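Undergrad: To start, I am sharing the structure in question, which I have written as structure tokens.
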Amino acid sequence: MKFTEAQLEAVFATQLEQEGYKHQLGGSISRKEDEVLIESDLREFLLARYRKNSITKNEVESIILKLKTLPASDLYESNKEFMRMLSDGFSLKREDRSQKDIWIYLIDYSKENQNTYKFVNQLEITGTQKRIPDGILYINGIPVVVFEFKTAIQENTTIHDAYIQLTVRYQRDIPELFKYNAFCVISDGVNSLYFTI
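Whatever position you read off the sequence shown (first residue = 1), add 41 for the working numbering.
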């Protein structure tokens, strides 16, 4: 069976919902057009996860600021630094210097898996140009996977077009999104590929 792009998006959204990923349309997320983090999800995760450490709202905001200020101008280095933080965690210096530093993980890797998972489609992001990725998989408000779909119905459109769209146009026009990117997924409903930036 061959899919249109909209049908393919719907299939991925349904499959991900069955795996516990809440589906949300991009237009329903409250944020500035140039922001790619869902800060409210990240804030809630950090406050809940480190409540026993008495993490403060200011400390949470400092973590969010640390992520947001990774420079998009050197995408390779920023992505490498972010992946290190995502996989290994990092130390948070406390506001109250008499308190012990906290080792922060942005994802709950424990069996409890207290993460917030979302699949967001058609999120408008404004960088040097406005771009609308077909789908983004968020974990705790962090856009870790970007999806781009192409229809297998049109002969002049191929999965390679999705690859070019992500690796050339999107990285050039909305590099902010790729600072946090672990994987890109492209599919035409028949062929699916994944890669890192």
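Backbone N, C-alpha and C fix where the C-beta goes; we use that ideal spot for every residue, glycine too.
Bear in mind the structure is a predicted one, so any value in this text is a computation, not a measurement.
Roughly how many angstroms separate the alpha carbons of R72 and L106, rounded to a whole number?
TA: Whole-angstrom Cα-Cα distance: 15 Å.
Undergrad: DSSP state of E153, grouped into three classes?
TA: It is coil, neither helix nor strand.
Undergrad: How big is the Cα-Cα spacing for T199 and I145?
TA: Going by the C-alpha atoms only, they are around 41 Å apart.
Undergrad: Pick helix, strand or coil for F50, following the three-state DSSP scheme.
TA: The sequence given here has Glu at residue 50, not Phe. E50: helix per DSSP, three-state reduction.
Undergrad: Taking Y158 as part of the beta strand (DSSP E), name the residues at either end of that continuous run.
TA: Counting along the chain, the beta strand (DSSP E) containing Y158 begins and ends at Y158 to N162.
Undergrad: With H, G and I counted as helix, E and B as strand and the rest as coil, what does DSSP make of Q65?
TA: The answer is strand: DSSP assigns Q65 an E or B state.
Undergrad: Tell me, which residues are paired with L234 by DSSP?
TA: In DSSP, L234 forms a bridge with I227.
Undergrad: For C225, which of E46, V187, T208 and G130 has the nearest alpha-carbon?
TA: Closest option to C225, Cα to Cα, is V187.
Undergrad: Just curious, the beta strand (DSSP E) that E189 is in, first and last residue?
TA: I183 to F190 is the span of the beta strand (DSSP E), which, as asked, contains E189.
Undergrad: Please state the DSSP three-state secondary structure of R138.
TA: Three-state result, R138: coil.
Undergrad: If we count Cβ pairs, one from each stretch, closer than 8 Å, do we get three or more for the region 135-142 versus the region 154-173?
TA: Output reads no: the region 154-173 does not touch the region 135-142.
Undergrad: Give me the Cα-Cα distance between K171 and Y179, rounded to the nearest whole angstrom.
TA: Looking at the two C-alpha atoms, the distance is approximately 20 Å.
Undergrad: Could you tell me whether the Cβ atoms of Q155 and S95 are closer together than 9 Å?
TA: Result no, Cβ atoms of Q155 and S95 do not sit closer than 9 Å.
Undergrad: Taking three-plus beta-carbon pairs below 8 Å as touching, is the region 206-226 in contact with the region 74-84?
TA: The region 206-226 vs the region 74-84: in contact.
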